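J.: Structure in structure tokens, see below.
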Amino acid sequence: LKACNGFLKAGMVLTDKAAGANLCFKQRRPRGLQGPPGPPGISGMLNNAAFSVCLGQNFPKAGTPIPFLDVIYKGQNSYNPKTGFFTCEQPGVYEFQFHCTIYERTASVDLLHKGELVLHSFTTRQSGYITASGSTFIKLGRGDCVWLVANRGGNGLTRDSYFSGHLLFTE
């Protein structure tokens, strides 16, 4: 690439001359007048919807929402560690992930949205530790709830199981 003067200087941009045949650096034109301010947006805090929690206890009760007791982060306090529910305050598309460590048992972990199954992860009986995990995107409205349920008797989930979610974007 041959540049006019041989160097790229501050304030200069690359332009295409003769349909890409010879490239030359050209001085930027002066900026125009600044446009009017945009409409007011929502508070930046609303866009920080996220949580990450750790189970903190072995073998939670099967068939009910799993309360992840150890909170790593819960922006907007949308996750309730007592109930195990994430409740949406900012409508949009969210990503949810879970990584559950299971010890010496068969286990089934389900992610539910408004009581409907969204994602299912299953392990078979084995010796030692194994992981049931999953990740998905869900469009949520204000007040929608998302939670995890372990569905096999005893379930084998250990204290180092994790559940996380965050807002990707609003629509």
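Heads up: the sequence shown at position 36 corresponds to 431 in the working numbering, and the numbers run straight through without jumps. C-beta atoms are modelled at their ideal positions from N, C-alpha and C, and glycine is treated no differently. None of the values given here were measured: they were computed from a predicted structure.
(1) Taking Cβ to Cβ, would you say residue 563 is nearer than 8 Å to residue 529?
(2) So, at 6 Å on beta carbons, what are the nonlocal neighbours of residue 515 in its own chain, with the 5 sequence-adjacent residues on each side left out?
(3) Excluding the 5 residues flanking residue 553 on each side, which residues of the same chain have their C-beta closer than 6 Å to its C-beta?
(4) Report yes if the CB atom of residue 480 is closer than 8 Å to the CB atom of residue 558, and no otherwise.
(5) When you compare the CB positions of residue 484 and residue 471, do they come within less than 8 Å of one another, or not?
(6) Going by DSSP in three states, residue 443 sits in which element: helix, strand or coil?
(7) Am I right that residue 544 and residue 508 are in contact with their C-beta atoms under 8 Å? What's the rounded C-beta distance?
(8) Using the three-state DSSP reduction, which class does residue 566 fall into: helix, strand or coil?
(9) Assuming contact is defined by CB atoms lying nearer than 8 Å, are residue 428 and residue 556 in contact in what I supplied?
(10) Confirm, please, whether the CB-CB distance from residue 489 to residue 533 is below 8 Å.
(11) Quick check on the burial criterion: 16 or more other C-beta atoms within 10 angstroms. Buried or exposed for residue 568?
(12) In chain order, what residues of the same chain lie with their CB nearer than 6 Å to the CB of residue 443, ignoring the 5 residues before and after it?
(13) To the nearest angstrom, how far is the alpha carbon of residue 550 from that of residue 511?
(14) Please give the ranges of any beta strand (DSSP E) in the region 481-561, keeping only runs that are unbroken, at least 3 residues long and fully inside the region.
T.: Taking the geometry as given:
(1) Residue 563 places its beta carbon 8 Å or farther from that of residue 529.
(2) Around residue 515: 505.
(3) 453, 496, 498.
(4) Taking 8 Å as the cut-off, the beta carbon of residue 480 is found no closer than this to the beta carbon of residue 558.
(5) Result yes, Cβ atoms of residue 484 and residue 471 sit closer than 8 Å.
(6) Collapsing the DSSP output to three states places residue 443 in a helix.
(7) So it is not a contact: roughly 12 Å between Cβ atoms.
(8) Per DSSP, reduced to three states, the secondary structure at residue 566 is coil, with no helix or strand assignment.
(9) Taking 8 Å as the Cβ cut-off, residue 428 and residue 556 do not qualify as a contacting pair.
(10) Result yes, Cβ atoms of residue 533 and residue 489 sit closer than 8 Å.
(11) Nothing in the structure corresponds to residue 568, since the chain is present only between 396 and 566.
(12) The answer, listed in chain order, is 470.
(13) So the two alpha carbons sit approximately 20 Å from each other.
(14) Fully enclosed beta strand (DSSP E) runs of 3 or longer: 487-498, 502-508, 511-518, 524-535, 540-545.
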